[in-house]
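The next block holds one structure in the form of structure tokens; read it before the comments.
Protein chains: 2
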Amino acid sequence: MSKLVIVGTVAFDAIETPFGKTDKILGGAATFIGLAAAQFNVNSSIVSIVGGDFPPKYLDLLSNKGIDISGIEIVSNGKTFFWSGKYHNDMNTRDTLITELNVLENFKPVVPENYKDSEVVMLGNLHPLTQISVLDQMAKKPKLAILDTMNFWMNNALDDLLEVIKRIDVITINDEEARQLTGEYSLVVAARKIHELGPKYVVIKKGEHGALLFHDDNVFFAPALPLEEVFDPTGAGDTFAGGFSGFLAKTGDFSFENMKKAIIYGSTLASFCVEKFGTERMDNLTSDEIHKRLHQFKQLTQFEIELS
Amino acid sequence: MSKLVIVGTVAFDAIETPFGKTDKILGGAATFIGLAAAQFNVNSSIVSIVGGDFPPKYLDLLSNKGIDISGIEIVSNGKTFFWSGKYHNDMNTRDTLITELNVLENFKPVVPENYKDSEVVMLGNLHPLTQISVLDQMAKKPKLAILDTMNFWMNNALDDLLEVIKRIDVITINDEEARQLTGEYSLVVAARKIHELGPKYVVIKKGEHGALLFHDDNVFFAPALPLEEVFDPTGAGDTFAGGFSGFLAKTGDFSFENMKKAIIYGSTLASFCVEKFGTERMDNLTSDEIHKRLHQFKQLTQFEIELS
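Protein sequences, first through last, are from chains A and B.
As numbered in this note's numbering, residues 248 to 555 make up the first sequence, in order.
As numbered in this note's numbering, residues 248 to 555 make up the second sequence, in order.
Here is the structure:
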């Protein structure tokens, strides 16, 4: 089993959807990634920062899942990063109501000593320079570095973003962002252009329309599970990344064939995440439930056509 | 092998896309359905109407594919139905520039005598009363009646549409239309409500995002093949319906398992249709090309996760 370093936000979210609203609850990219990866019982460590207002019970929650939290800096006189958003009726678009960076403004990630030899690094959405700093701290080049990012950094730190993209093996990015980054509408062409920027593997996330994995001339597609209702999409992309990286860390097999499985695990876990507010559904998710849903994924996608 | 009756337009299309434009070329729902179904060497008959301006070479093209054209009425002093449209840069939306109904205005479909006992009926997009008239002419209830329709009839002939929906086994409809018909955003809930209107099988087409097949609590999903460029989407939905109905007519097996295969064949054929203007790509498509692309579909979607 490989070790997994996760860098990303640990945060407060306040969410409003057509189904209800929350006060400040546990959120953040690294939180969702960590909870998803924890399903594979990997040795993982979250590198992040919170304020003195961050409830110890949230840290306990992560710790109880077997996640190393020694890399989460607590700034006792600071406030935790806070994001608030409101989803529209279609649940596919949202407005950000509040973004308070707080302690994140001066975040200098420190990778715990015993995780500097991790084989897998999952760089959650953050400033590209913060992501680079994590890569720089690794004792040796990790076997697999995975990057998640978003359009905000394309608009505000493109050169830094291109620098980190050059250094990673897998990028996960959504369809609109892939188009923005490359200026290409066709996702096939966009993926090829992103390959040329560095990553051998390109994962394009299409939300409710699933995800595509590109590697050389190979393409794999995993749908999102069709759900009766999407209750709260917050964290779905991070949960996908957590399932993907967690499965790869557990298996230590970074082949295209195994990445296909990792995509399916990522999609499966994301399908749970959206069923309740925030991390609620992930907190007490059982392996039996995951197993059943993987079965549903098979039913959804597998067919028998004999080809000679 | 079952016989297949296809009702729908045989028409002139003039198309403009970011890649170019055409003069009046061969188009129409029944044309695309027929050409796709012809790949399965089924006994099929197109029931339609054209004007005296319709070139005999187009009729020959259909006839040479083995399609019975005795049900295509030729109104020598009339003009053929004409549609002209312009696609936007994203190729997902289009403006209709011209719609000239011409002979379609007085179309009374007549099913050829030797096709009245057909096991499979494919009702292409037309006024619901025209579709009902074809069902009424069948000597006995067909084993499988498939309906394609669109929002125009929801807006202008909803009662008639609900009447034909009540009488068919499979409906193919796009995602926005499924939402409009049911008032439900979730496609899972929308499909259930459409089931309640009559059809045992509901196919929801999502264009570049693939297609879903619903039957009771079973769901199957087929992606659209990711393509470098979509050259002209005209006829893709009809080609999908043609591949679907053609495969089912050929096999005579109307089980859910076999419909999954039919969906894959439909998606495969549609992926060719969009590569060139109009019917151009379908005219000389070989079974070897189809075979190769089915293999690509397998590569795209199949994965190995052992579940006990």
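Backbone N, C-alpha and C define an ideal beta-carbon position, used for all residues, glycine too.
Find the nearest neighbour of residue i within the set the options, judged by alpha-carbon distance.
i	options	result
I321 of chain A	A:T526, A:I415, A:I552 and A:S295	A:S295
T346 of chain B	B:I393, B:K363, B:T256 and B:L547	B:T256
T548 of chain A	A:A469, A:K333, A:D300 and A:G484	A:A469
K333 of chain A	A:T264, A:V368, A:S317 and A:G313	A:T264
G525 of chain A	A:G484, A:V252 and A:S291	A:G484
N339 of chain A	A:L408, A:E366, A:E423 and A:L309	A:E423
F519 of chain A	A:N288, A:S323 and A:T486	A:T486
M248 of chain B	B:N290, B:L408 and B:F266	B:N290
L348 of chain A	A:L444, A:A425, A:I441 and A:D260	A:D260
F328 of chain B	B:N336, B:I319 and B:L541	B:I319
R426 of chain A	A:M397, A:H335, A:R341 and A:T269	A:M397
P389 of chain B	B:E366, B:G499, B:D406 and B:P375	B:E366
D407 of chain A	A:P375, A:D463 and A:D464	A:P375
D364 of chain A	A:E410, A:P446 and A:Q384	A:Q384
Y572 of chain A	A:H456, A:T343, A:D395 and A:K250	As displayed, chain A neither begins before 248 nor continues past 555, which places residue 572 of chain A out of reach and without an answer.
L394 of chain A	A:V357, A:I441, A:L351 and A:V350	A:I441
V368 of chain A	A:P302, A:R341 and A:K497	A:K497
E551 of chain B	A:A437, A:V254 and A:Y512	A:Y512
V417 of chain B	B:P446, B:A258 and B:T269	B:P446
S514 of chain B	B:D463, B:T419 and B:L306	B:T419
P473 of chain B	A:A438, A:N505, A:E475 and A:P473	A:A438
G430 of chain B	A:F279, A:K545, A:F544 and A:D337	A:D337
V254 of chain B	B:V357, B:R528 and B:H538	B:V357
T269 of chain A	A:K523, A:F279, A:H538 and A:K539	A:K523
L306 of chain A	A:R341, A:A258, A:H335 and A:K271	A:A258
Which residue or residues does DSSP assign as beta-bridge partners of residue i?
i	result
D260 of chain B	B:I272 and B:W330
L557 of chain B	Because chain B spans 248 through 555 in this model, residue 557 of chain B falls outside it and cannot be assessed.
V466 of chain B	B:F461
V450 of chain B	B:T419 and B:L460
T343 of chain B	B:G332
D530 of chain A	Beta-bridge pairing links D530 of chain A to no other residue.
L391 of chain A	A:V367
Applying the criterion that 16 or more other CB atoms from any shown protein chain within 10 Å of the CB defines a buried residue, is residue i buried or exposed?
i	result
K304 of chain A	exposed
N403 of chain A	exposed
K452 of chain A	buried
A488 of chain B	buried
D530 of chain A	exposed
S331 of chain A	buried
N421 of chain A	buried
A277 of chain B	buried
K355 of chain B	exposed
N353 of chain B	exposed
A386 of chain B	exposed
F399 of chain B	exposed
D315 of chain B	buried
S534 of chain B	exposed
E455 of chain B	buried
T343 of chain B	exposed
L351 of chain B	buried
Please state if the CB of residue j and the CB of residue i are separated by a distance shorter than 8 Å.
i	j	result
S433 of chain A	A284 of chain A	no
G482 of chain B	G281 of chain B	no
G298 of chain A	K326 of chain A	yes
F461 of chain A	V449 of chain A	yes
I510 of chain A	A458 of chain A	yes
Q286 of chain B	L532 of chain B	yes
I415 of chain B	A392 of chain B	yes
L373 of chain B	M401 of chain B	no
V477 of chain B	V381 of chain B	no
P480 of chain B	V435 of chain B	no
K508 of chain B	F494 of chain B	yes
L309 of chain B	I293 of chain B	yes
L541 of chain A	L444 of chain B	no
L516 of chain B	G499 of chain B	no
N288 of chain A	G267 of chain A	no
P359 of chain A	S323 of chain A	no
F501 of chain B	N465 of chain B	no
Quiz item: If contact means a Cβ-Cβ distance below 8 Å, which residues of the region 428-459 of chain A contact chain B?
Solution: Those residues of the region 428-459 of chain A that come within reach of chain B (Cβ to Cβ, closer than 8 Å) are Y432, S433, L434, V435, V436, K453, H456, G457 and L459.
Quiz item: Taking any Cβ of chain C, which residues in the region 281-313 of chain B have a Cβ under 9 Å from it, in chain order?
Solution: Protein chains A and B are contained in the structure displayed, whereas chain C is not.
Quiz item: Using a beta-carbon distance cut-off of less than 9 Å, what residues from the region 335-359 of chain B approach chain A?
Solution: Taking 9 Å as the cut-off between beta carbons, the residues of the region 335-359 of chain B near chain A are N336, D337 and M338, in sequence order.
Exercise. Would you list, in chain order, the members of the region 467-485 of chain A that have their beta-carbon closer than 7 Å to a beta-carbon of chain B?
Key: Flagged, chain order: F467, F468, P470, P473, L474, E475 and E476.
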